[in-house]
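Chains E and L supply the protein sequences, listed in that same order.
Heads up, the first sequence is in our numbering, so the first residue is 1 and it goes up one at a time.
Heads up, the second sequence is in our numbering, so the first residue is 160 and it goes up one at a time.
Glycine residues also receive a C-beta, built at the ideal position from the N, C-alpha and C atoms.
As the structure is a computational prediction, the values presented were derived from the model and not from experiment.
A short write-up of the structure that comes next.
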Amino acid sequence: MPRKLLLLGLLVSACSGGVADDSVAVDDLPAVTAAGFESHLATLDKPAVVNVWASWCLPCRSEAPLLNEAHLRYGDEIEFIGVDVQDSQGAAKEFLAEFGLDFTHFFDRDRAIPNFYGGLGTPITMFFASNGELATIHNGVIDERTLALNIDELRQTDH
Amino acid sequence: MEFTLLWAVLTAVALAWLGLRIWSEGILDGGFDRLIGASVAGLLIGRVTAMALQGTNPLTNPADLIIVRGGVHTGAATLAFVITLVWSTRSTRPELDALAPAVLLGLAGWHAGCFWRGACLGSPGELLWTWPLEGSVISRHPVEFYAAIGLAVAAWLVSELGWRLWLRAGTALAATAGVRLLTEPLRPSITGGPTLWYWGGIAVGLSAVAAGWMMERSTVDVPT
Numbered sequence: 001m002p003r004k005l006l007l008l009g010l011l012v013s014a015c016s017g018g019v020a021d022d023s024v025a026v027d028d029l030p031a032v033t034a035a036g037f038e039s040h041l042a043t044l045d046k047p048a049v050v051n052v053w054a055s056w057c058l059p060c061r062s063e064a065p066l067l068n069e070a071h072l073r074y075g076d077e078i079e080f081i082g083v084d085v086q087d088s089q090g091a092a093k094e095f096l097a098e099f100g101l102d103f104t105h106f107f108d109r110d111r112a113i114p115n116f117y118g119g120l121g122t123p124i125t126m127f128f129a130s131n132g133e134l135a136t137i138h139n140g141v142i143d144e145r146t147l148a149l150n151i152d153e154l155r156q157t158d159h
Numbered sequence: 160m161e162f163t164l165l166w167a168v169l170t171a172v173a174l175a176w177l178g179l180r181i182w183s184e185g186i187l188d189g190g191f192d193r194l195i196g197a198s199v200a201g202l203l204i205g206r207v208t209a210m211a212l213q214g215t216n217p218l219t220n221p222a223d224l225i226i227v228r229g230g231v232h233t234g235a236a237t238l239a240f241v242i243t244l245v246w247s248t249r250s251t252r253p254e255l256d257a258l259a260p261a262v263l264l265g266l267a268g269w270h271a272g273c274f275w276r277g278a279c280l281g282s283p284g285e286l287l288w289t290w291p292l293e294g295s296v297i298s299r300h301p302v303e304f305y306a307a308i309g310l311a312v313a314a315w316l317v318s319e320l321g322w323r324l325w326l327r328a329g330t331a332l333a334a335t336a337g338v339r340l341l342t343e344p345l346r347p348s349i350t351g352g353p354t355l356w357y358w359g360g361i362a363v364g365l366s367a368v369a370a371g372w373m374m375e376r377s378t379v380d381v382p383t
């Protein structure tokens, strides 16, 4: 019976699972240095959530839909930025097209940005105050509650 | 699986095991195995459902299944847990009632496991026992501890109930959903939380209590 339930669950999931929209065109991601990224953050007039990802990173696939949802909900108050590390432009664009991550992304082949802020592994989610200062860094895949809590912290601190 | 989550799971398993020792009346051999098996089934189905709803096909991305932090659908996980537990105890229906307090204590352990994960805090609040995130000045409710206390109290209350068919099991389901529903407003959320599922859990739990009562009554009323 559990095997039947599992099979049923997998079948339902297979039927309802999303399909990558290959028709979405994505431009090359702009390359950025750590200094350039820091300057970019300083020009923002709102807090920022920075997600370090890569197309080859399994947990990044899992958290991508959550980040998309968070961006849709809080995009007006908080800047969402993606940093693609140790990747190729082609694979990065395929990943963005698959998940429709419709916010700013930078290309960082050498991991200069996560190294600069002391992040470990991939994915990493960093939370920046509106003055560009790093508030929190979360190494590893982030769950909904942790993301929501840290976004709430940014919103409360900045008001 | 990250080690912090693993510690939370171990806390839940340890408290469920303790619950089975404290409230052992009516539990047949293999009760602990059935609880663990049902929990694994719940986790698996909950994860598959969450992946499907997020647009990730579990057949083409099977490795994503282990990324539990990516999301587990509460409703699907609960349904799978209950169905598996019912199936595994189908010949001994009253055992569901016997297992109920231990399940609640295990859930209390899962919530208290927030301590290992550093994920106990919720909405801002200014009470004696609230505290801020590291490096912050904004005090927050330890909402997962509230839930853990609520579930532990519910475990004890359920253990004090009588042995009418599904009284304990139904009350446990309704109490779990009720505790989650009451604490949900204190949890920051992106998607809004599974509030509807909590209401559903309360309704199903209370219906099970009523159904058990009616089934027992009809059995008694039938002339022999």
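Report the three-state DSSP secondary structure of His71 (chain E) (helix, strand or coil).
helix
Name the chain A residues that come within less than 7 Å of Arg111 (chain E), Cβ to Cβ?
Judged by its chain identifiers, the structure shown contains no chain A, and its protein chains are E and L.
Within 9 Å (strictly less), CB to CB, does Thr378 (chain L) reach chain E?
no
Straight-line CA distance for Ile78 (chain E) to Leu147 (chain E)?
The alpha-carbon separation between Ile78 (chain E) and Leu147 (chain E) amounts to approximately 13 Å.
Could you run through the region 30 to 45 of chain E and flag, in chain order, every residue whose CB is less than 7 Å away from some CB of chain L?
none
For Ala91 (chain E), which beta-bridge partners are listed by DSSP?
Looking at the DSSP assignment, Ala91 (chain E) forms no beta bridge with any residue, so it has no partner.
What do you get for Ser62 (chain E), buried or exposed, if any count of 16 or more other CB atoms within 10 angstroms of its CB means buried?
buried
Please confirm if Met210 (chain L) has its CB atom under 9 Å from at least one CB of chain E.
For Met210 (chain L), at least one C-beta of chain E is nearer than 9 Å to its own C-beta.
For the region 135 to 155 of chain E, which residues have a beta carbon sitting closer than 9 Å to at least one beta carbon of chain L?
Ala135, Thr136, Gly140, Val141, Ile142, Asp143, Glu144, Arg145, Thr146, Leu147, Ala148, Leu149, Asn150, Ile151, Asp152 and Glu153
Opposite Glu79 (chain E) in the DSSP bridges: which residues?
Residue pairing of Glu79 (chain E) in beta bridges, as defined by DSSP: E:Ala48.
Excluding the 5 residues flanking Phe240 (chain L) on each side, which residues of the same chain have their C-beta closer than 7 Å to its C-beta?
Here the set comprises Ala197, Ser198, Ala200 and Gly201.
Work out the CA separation of His40 (chain E) and Ala173 (chain L) for me, nearest whole Å.
49 Å
Is there contact here, the region 219 to 232 of chain L with the region 54 to 71 of chain E, by at least three beta-carbon pairs under 8 Å?
yes
Which residues does DSSP list as the beta-bridge partners of Arg228 (chain L)?
According to DSSP, Arg228 (chain L) bridges with nothing at all.
Short of 6 Å in beta carbon distance, which residues of its chain neighbour Thr163 (chain L), apart from the five on each side in sequence? Order them along the chain.
Excluding positions up to five away in sequence, the list reads Trp275 and Arg276.
Along the chain, where does the beta strand (DSSP E) that runs through Leu134 (chain E) open and close?
Leu134 to Asn139
So what does Ala31 (chain E) bridge to, in DSSP terms?
E:Phe107
Taking the beta strand (DSSP E) that Ser186 (chain L) belongs to, which residues open and close that run?
Per the sequence shown, the amino acid found at residue 186 (chain L) is Ile instead of Ser. Premise fails: Ile186 (chain L) is in no beta strand (DSSP E) and is neither H nor E.
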